[in-house]
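Beneath this line is the structure, given in structure tokens, with notes to follow.
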Amino acid sequence: MLYSQMDSKNNPCFSVPPFYPSFLFFFFFFSLKTHLSLPTDSLSVGQSLSGNQTLISKEGNFELGFFSPSTSNNNFYIGIWYKKIPTQTIVWVANRDAPIFDTSSAELKISDQGNLVLLNGSKSPIWSSSSSPSNSNATTAVLLDSSNLILTSSVNSSIIWQSFDHPTDTYMPGGWLGFNKITGEYQSITCWENPANPTPGPFSNRLDPDGSNQCVLLYNGSQVYWSSGLWNGQYFTSTPSMAQQTVFKFTFIDDRERKYATYTMTDSSVISRFVVGSSGLGQQLLWLSNRQEWQPVFAQPLSNCDVPSVCGPFGLCDQESPSLCRCPQGFEPALKEEWELNDWNSGCKRKTQLNCGTKSNFNRGEEEEKDGFFMMINTRFPSNGEKLMVRSAEECEMACLNNCSCSAYSFDTSCLIWTANLQNLQQLYSGDQGGGTLYLRLAAADLPSTNNSHKVKTVVIVSLVGGLLGIVIVLFGLIWLCRHWRKSRIVSKVEGSLIRFSYGDLRHATKNFSERLGGGGFGSVFKGALPDSTQVAVKKLEGSRQGEKRFQAEVLTLGVIQHINLLRLRGFCCERSQRLLVYEFMPHGSLDSVLFKKDSDIMLSWNMRYRIVLGIARGLAYLHKKCRECIIHCDIKPDNILLDADFKAKVADFGMAKLIGRDFSRV
Numbered sequence: 019m020l021y022s023q024m025d026s027k028n029n030p031c032f033s034v035p036p037f038y039p040s041f042l043f044f045f046f047f048f049s050l051k052t053h054l055s056l057p058t059d060s061l062s063v064g065q066s067l068s069g070n071q072t073l074i075s076k077e078g079n080f081e082l083g084f085f086s087p088s089t090s091n092n093n094f095y096i097g098i099w100y101k102k103i104p105t106q107t108i109v110w111v112a113n114r115d116a117p118i119f120d121t122s123s124a125e126l127k128i129s130d131q132g133n134l135v136l137l138n139g140s141k142s143p144i145w146s147s148s149s150s151p152s153n154s155n156a157t158t159a160v161l162l163d164s165s166n167l168i169l170t171s172s173v174n175s176s177i178i179w180q181s182f183d184h185p186t187d188t189y190m191p192g193g194w195l196g197f198n199k200i201t202g203e204y205q206s207i208t209c210w211e212n213p214a215n216p217t218p219g220p221f222s223n224r225l226d227p228d229g230s231n232q233c234v235l236l237y238n239g240s241q242v243y244w245s246s247g248l249w250n251g252q253y254f255t256s257t258p259s260m261a262q263q264t265v266f267k268f269t270f271i272d273d274r275e276r277k278y279a280t281y282t283m284t285d286s287s288v289i290s291r292f293v294v295g296s297s298g299l300g301q302q303l304l305w306l307s308n309r310q311e312w313q314p315v316f317a318q319p320l321s322n323c324d325v326p327s328v329c330g331p332f333g334l335c336d337q338e339s340p341s342l343c344r345c346p347q348g349f350e351p352a353l354k355e356e357w358e359l360n361d362w363n364s365g366c367k368r369k370t371q372l373n374c375g376t377k378s379n380f381n382r383g384e385e386e387e388k389d390g391f392f393m394m395i396n397t398r399f400p401s402n403g404e405k406l407m408v409r410s411a412e413e414c415e416m417a418c419l420n421n422c423s424c425s426a427y428s429f430d431t432s433c434l435i436w437t438a439n440l441q442n443l444q445q446l447y448s449g450d451q452g453g454g455t456l457y458l459r460l461a462a463a464d465l466p467s468t469n470n471s472h473k474v475k476t477v478v479i480v481s482l483v484g485g486l487l488g489i490v491i492v493l494f495g496l497i498w499l500c501r502h503w504r505k506s507r508i509v510s511k512v513e514g515s516l517i518r519f520s521y522g523d524l525r526h527a528t529k530n531f532s533e534r535l536g537g538g539g540f541g542s543v544f545k546g547a548l549p550d551s552t553q554v555a556v557k558k559l560e561g562s563r564q565g566e567k568r569f570q571a572e573v574l575t576l577g578v579i580q581h582i583n584l585l586r587l588r589g590f591c592c593e594r595s596q597r598l599l600v601y602e603f604m605p606h607g608s609l610d611s612v613l614f615k616k617d618s619d620i621m622l623s624w625n626m627r628y629r630i631v632l633g634i635a636r637g638l639a640y641l642h643k644k645c646r647e648c649i650i651h652c653d654i655k656p657d658n659i660l661l662d663a664d665f666k667a668k669v670a671d672f673g674m675a676k677l678i679g680r681d682f683s684r685v
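Each residue of the sequence shown is one higher than the one before, starting from 19 at the first, in the numbering used here.
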């Protein structure tokens, strides 16, 4: 432009207006800004991104720009997210260790050296691709529809740098995890610190650092807490479900440059990603467009509580708790704001510091405040317990109290103590293995009941007096209620009416359902005895839908009929979800067991067989002709014919019976 101005002075035929240089400057400036505001998938030398400007991949699958994961601060990052998913889901972050605070003055551009760089408001670089291209003017950044951000050279169309070689917490289709044999570096993905902070956290997924052909989840870069099993040519052996699914295609490659695992989608329209969450869980997720949510198809480890230190120091992992982690008695979250984000790595802190045997109130003549222990039953113990050679629980407790570093102890057949912070505490439930009773050391003030303060003593005395008075009133009320209840229980029974039992009554009558007589798809039958020593058979129905139908069918039929050849229904239980039926007890069991059981010692004479058949016929005739409504049994078979002490036949099991009006049919 300067050359043109100089030349125009010597050329009378060519005159340049004085405002022309300024016009050209503004023309090119606004042309550049307009170009960046249009949807584009690339960034060239001389262009930059700032503010709300973004790159959008060619098919509109992904978008790159500035984002903030939290509404509580002004931390911004350059990242890539799904464009077509309404909830912003980040798959890659450039400056995860160095946020910026003003996106309008920050820039993402290609530097003079040809690197992709992020400049803050003072134009200092805070992140760079560090790719060292050979020709900076020929470098272009392109966002692909795979989410891969690449730097290419227009000279030979080669890829100089790509984000797939530098993943953050997400392993995308087409990406890779493994070992670069040339650089000697492992490529892994590392979780966010918490959902509002992409700073690298303690959990990562990578190829086994010991060199075996398997992927592992690591805590703090060294502790393996899950492994995929070795690659057998088709799938990793500890994850056989990989071979059964058809959505993904996994590959393990070992060549001259790299040893790595990668995967692709068999259907390109399916959206999926593998991510290591801030809680340490590794998940393969599928996007369900009809439900507008991510659905896990694979998650390891199976239990969140198997992740090392998932709840931090003194944190208690509880699978039944809505928030997974909670603090035990005498503790509170160390960083409440992080716990609100489901980031429990900071763990729990004591509400009151331990006294550790010091006589803080000795000069005032007051009693010493002693530490105590809170009993935590059915708890998975922390790791690294120290075993002491003591012979009793009392000696074990004193050994812990006399050690200022001791935080907890346990005594079963031997004494274990734990010093300093407790990691990996877990609340277990019935059926879980490896639980025990842990005694957690607490300051006296944090124990559930304390008597080390005069104020506390006063409160206790007042509470006791008031409590005793309340207990007396409650006891009189309970006595009156029990008498009233017993009277109502002694149902003014008309002969043949049904008794309504409570579930507790039947559990007591059957000795906690200990003697099983038989069962089937409907449930199980147990032997029991009523308070008057009458033996009964209690049928416990199972399956909410079928059980309810059988229950209603039997009560509606046996409950309104009586016949010597029909099994007598004595009562029932209908309490919450429990459905039980109480019958008279048949000592000889079913006809099926008498006729066909190989080890049966009962031989029926032809006369007895004739009487049994006649009894069955009489029972059915009564059902068909003598009842007010015709009852069709619908399930007559030897299993459903029971024999009493005199081998009289009783038709039983009316779970499939039908009531049919007299004007409907004749049998």
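Note that CB positions come from ideal geometry on N, CA and C, so glycine has one too. The model shown is predicted, which means the values in this text are computed figures rather than measured ones.
Leaving out five residues before and five after S432 in sequence, what residues of the same chain have Cβ atoms less than 7 Å from its Cβ? Only K405 meet the Cβ criterion.
Straight-line CA distance for K529 to G522? Computed Cα separation, rounded: 10 Å.
Local conformation of E311 per DSSP, three classes: In the displayed model, E311 falls within a strand according to three-state DSSP.
Segment limits, alpha helix (DSSP H) that includes E412: Note, E412: alpha helix (DSSP H), A411 to L419.
How would you write the range of the alpha helix (DSSP H) that E356 sits in, first residue to last? For E356, the uninterrupted alpha helix (DSSP H) run begins and ends at K354 to W357, by DSSP.
Are the beta-carbon atoms belonging to V556 and G546 less than 8 Å from one another? Using a Cβ distance threshold of 8 Å, V556 and G546 count as a contacting pair.
What separation, rounded to the nearest whole angstrom, lies between the Cα atoms of S481 and N215? About 48 Å.
Between L334 and A461, is the Cβ-Cβ spacing less than 8 Å? At a Cβ-Cβ threshold of 8 Å, L334 and A461 do not count as neighbours.
Grab the span of the beta strand (DSSP E) containing Q205 for me, first residue to last. In the DSSP assignment, Q205 falls within the beta strand (DSSP E) that extends over E203 to Q205.
Of the listed residues S222, P258, T217 and K199, nearest to G229 (C-alpha basis): Residue K199 is the option with its Cα nearest to G229.
Below 8 Å on the Cβ atoms is my contact criterion, and I expect L584 with G637 to pass it. Report the Cβ-Cβ distance as a whole number of Å. The beta-carbon distance between L584 and G637, rounded to whole angstroms, is 5 Å. This is short enough to meet the 8 Å contact definition.
Quick check on the burial criterion: 16 or more other C-beta atoms within 10 angstroms. Buried or exposed for M621? Result: exposed.
From this set, M407, L446 and S68, which residue's C-alpha is nearest P400's C-alpha? Taking only the C-alpha atoms, the option nearest P400 is L446.
Could you check if I497 is buried or exposed, using at least 16 other CB atoms within 10 Å of its CB as the buried criterion? So I497 ends up on the exposed side.
Does the Cβ-Cβ distance between S75 and D163 come in under 8 Å? Taking 8 Å as the Cβ cut-off, S75 and D163 qualify as a contacting pair.
Enumerate, from N- to C-terminal direction, the unbroken alpha helix (DSSP H) stretches of 4 or more residues contained entirely within the region 575 to 639. Given a length threshold of 4 residues, each whole run of the alpha helix (DSSP H) inside the region 575 to 639 is given here in chain order: 609 to 614 and 624 to 639.
Measuring alpha carbon to alpha carbon, tell me which of I634, E647 and A663 ends up nearest A670. The residue from I634, E647 and A663 with its alpha-carbon nearest to that of A670 is I634.
Pop quiz: R291 and V109 are said to be a contact at Cβ under 8 Å. What is the actual Cβ separation, rounded to whole angstroms? Correct: roughly 6 Å between the Cβ atoms.
Measuring alpha carbon to alpha carbon, tell me which of F429, F494 and N79 ends up nearest I289. From the listed residues F429, F494 and N79, the smallest Cα separation to I289 is found for N79.
Check whether the Cβ atoms of Y281 and I271 lie closer than 8 Å to each other. The Cβ atoms of Y281 and I271 lie no closer than 8 Å to each other.
Indicate whether L161 and L73 have their beta-carbon atoms separated by less than 8 Å. A contact, by the Cβ cut-off of 8 Å.
Just confirm the distance between the C-beta atoms of M67 and G83, as a whole number of angstroms; I'd bet it's less than 8 Å. Note that residue 67 is Leu in the sequence shown here, rather than Met. Sure, about 7 Å apart at Cβ, within 8 Å.
Please report the distance separating the alpha-carbon of H581 from that of Y640. Each residue's alpha carbon lies about 8 Å from the other.
Backbone secondary structure at F316 - three-state DSSP: F316 falls in the strand class under three-state DSSP.
Nearest-angstrom beta carbon gap, L516 and F590 [assumed within contact, 8 Å]: With 8 Å as the limit, F590 and L516 qualify as a contact, their Cβ atoms being about 6 Å apart.
Extent of the continuous beta strand (DSSP E) run through L167: Its beta strand (DSSP E) spans residues L167 to S171.
Rounded distance between the beta-carbons of P117 and F17, thought under 8 Å: The shown model of the chain, from 19 to 685, leaves out residue 17, and the question about it has no answer.
Between the Cα of E602 and those of V612, L587, L609 and N421, spot the shortest distance and give me the residue it belongs to. Cα-wise, what sits closest to E602 is L587.
Identity of the residue in L304, Q596 and G239 nearest P326 by Cα: Its Cα nearest to that of P326, the residue G239 stands out among L304, Q596 and G239.
Can you tell me whether DSSP reads R504 as helix, strand or coil? Only weak support exists for where R504 lies, its pLDDT of 48 falling under 50; the coordinates are left without a value.
Are the region 344 to 364 and the region 307 to 325 in contact at 8 Å, needing three or more beta carbon pairs? Inter-segment contact for the region 344 to 364 and the region 307 to 325 is absent: fewer than three beta-carbon pairs are separated by less than 8 Å.
Identify whether A667 lies in helix, strand or coil by the three-state DSSP scheme. Three-state DSSP puts A667 in a strand.
Determine the burial state of E338: buried for a count of at least 16 other Cβ atoms within 10 Å of its Cβ, exposed for fewer. By the beta-carbon neighbour count (other beta carbons within 10 angstroms, threshold 16), E338 is exposed.
To the nearest angstrom, how far is the alpha carbon of V509 from that of G577? For V509, the predicted structure reports a pLDDT of 37, less than 50, and the residue's modelled location is therefore unreliable. A value from the coordinates is still provided. Between V509 and G577, the C-alpha separation is close to 16 Å.
Return helix, strand or coil for I289, following the three-state DSSP convention. Coil.
Taking just the CA atoms, how far does P466 sit from L456? Each residue's Cα considered, the two are about 16 Å apart.
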